[in-house]
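Below is one structure; the comments refer to it alone.
There are 2 protein chains.
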Amino acid sequence: MSTAKNNKPTESELEILGILWEKGSGTVRDVHEILEKSKDAGYTTTLKLMQIMHEKGLLKRDTSSKTHVYEAAISQESTQQQLLNKMIDTVFNGSASQLVLQALGNHRSSQEELDKIKQYLNEIEQQQKK
Amino acid sequence: MSTAKNNKPTESELEILGILWEKGSGTVRDVHEILEKSKDAGYTTTLKLMQIMHEKGLLKRDTSSKTHVYEAAISQESTQQQLLNKMIDTVFNGSASQLVLQALGNHRSSQEELDKIKQYLNEIEQQQKK
DNA sequence: ATTGATCTACGAATATTTTCGTAAACAAAT
DNA sequence: ATTTGTTTACGAAAATATTCGTAGATCAAT
Chain R
33 MSTAKNNKPT ESELEILGIL WEKGSGTVRD VHEILEKSKD AGYTTTLKLM QIMHEKGLLK
93 RDTSSKTHVY EAAISQESTQ QQLLNKMIDT VFNGSASQLV LQALGNHRSS QEELDKIKQY
153 LNEIEQQQKK
Chain B
33 MSTAKNNKPT ESELEILGIL WEKGSGTVRD VHEILEKSKD AGYTTTLKLM QIMHEKGLLK
93 RDTSSKTHVY EAAISQESTQ QQLLNKMIDT VFNGSASQLV LQALGNHRSS QEELDKIKQY
153 LNEIEQQQKK
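Read top to bottom, the protein sequences are chains R and B. According to the numbering used here, the first sequence holds residues 33 to 162 in order. According to the numbering used here, the second sequence holds residues 33 to 162 in order.
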């Protein structure tokens, strides 16, 4: 396994990953500018973090021009799943649906999204009937 | 607010909280024995952790007998909600339903649980129609 | 009342994560 | 060619979290 997703991201690293997943790719400055809105850290802090993440294999980067361009090296979905699993395990007594109920409870979702969820539930039920 | 839930639990602290939420209450040894199954740390480590958590206001304890009995001082639900919110924010592009879909996807749920979720979805829809 | 087992308290060592200062490279504008 | 601004690289400080050794208290059994 050379595609080292070996290391699990820290709190700060997750924030950066989140930004890059959304943007697709970006420079340190791009990321830092977004990060600044919700956090309060210097530019070199963000830089260092992203360098470390690159070493760990969490980010890819293009160094062909002076200003490097980064992008996530691990998939958003697999990371989400890992985090969810741990969370369900430690905090939701192992019950995924307990988590689902809690998540639906406090967040307002659009009708469209609700429909998507319903449809998905139906699919799951169909599968389980077999 | 004197009931200081000021400090947010660390990773290790969450594991302990999870155990105590499930058990209701327990001694250091109780908790340690469960923890040992999935982790690998000495008894005094668990002890120290729980003492710190008590200082932080994360745990209550009964010291009336030699062997102290601990229980969680913060509610499972509010903690779940906090963690969910952060997770949705940083890793799920702010979309709760994206999280829900992902959670439903990889975890097998019982028919009963699925019904509960469906029912809940209907309730939400009713509310939003107004 | 001595031994042995178990507990708490405490302090400090380790490990990990986060932060930032400083220097050197580079490019654009004066 | 010097200044100005922006970048990376590097190292190390600072902050946090985790781990554990050791000492003293307590209790039960010998």
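Virtual Cβ for every residue (Gly too), placed ideally from N, Cα, C. No experiment lies behind these values; they were computed from the predicted model shown.
Item                                                                                                           : Value
Chain B within 7 Å of R/Y75, Cβ atoms only                                                                     : no
Beta-bridge partners of R/R61, as assigned by DSSP                                                             : Partner(s): none; R/R61 has no beta bridge.
Burial state of R/E87 (16 or more Cβ within 10 Å)                                                              : exposed
Proximal residues of chain B, C-beta to C-beta of R/V132 below 7 Å                                             : V132, A135, L136, I149
Buried/exposed call for B/S34, threshold 16 Cβ in 10 Å                                                         : Its pLDDT being 43, under 50, B/S34 is placed unreliably by the model, and nothing is read from it.
Meets three-Cβ-pair contact criterion under 8 Å: the region 36-54 of chain B and the region 152-161 of chain B : no
Bounding residues of the alpha helix (DSSP H) (the contiguous stretch that carries R/L91)                      : No alpha helix (DSSP H) contains R/L91, which is instead part of the beta strand (DSSP E) from 91-94.
Cβ contact (3+ pairs, closer than 8 Å) linking the region 143-156 of chain B and the region 126-139 of chain R : yes
CB contact below 7 Å: R/S44 versus chain B                                                                     : no
The beta strand (DSSP E) enclosing B/A104, as first and last residue numbers                                   : 101-104
Simplified DSSP state of R/T78, which is helix, strand or coil                                                 : helix
DSSP three-state assignment for B/D72, whether helix, strand or coil                                           : coil
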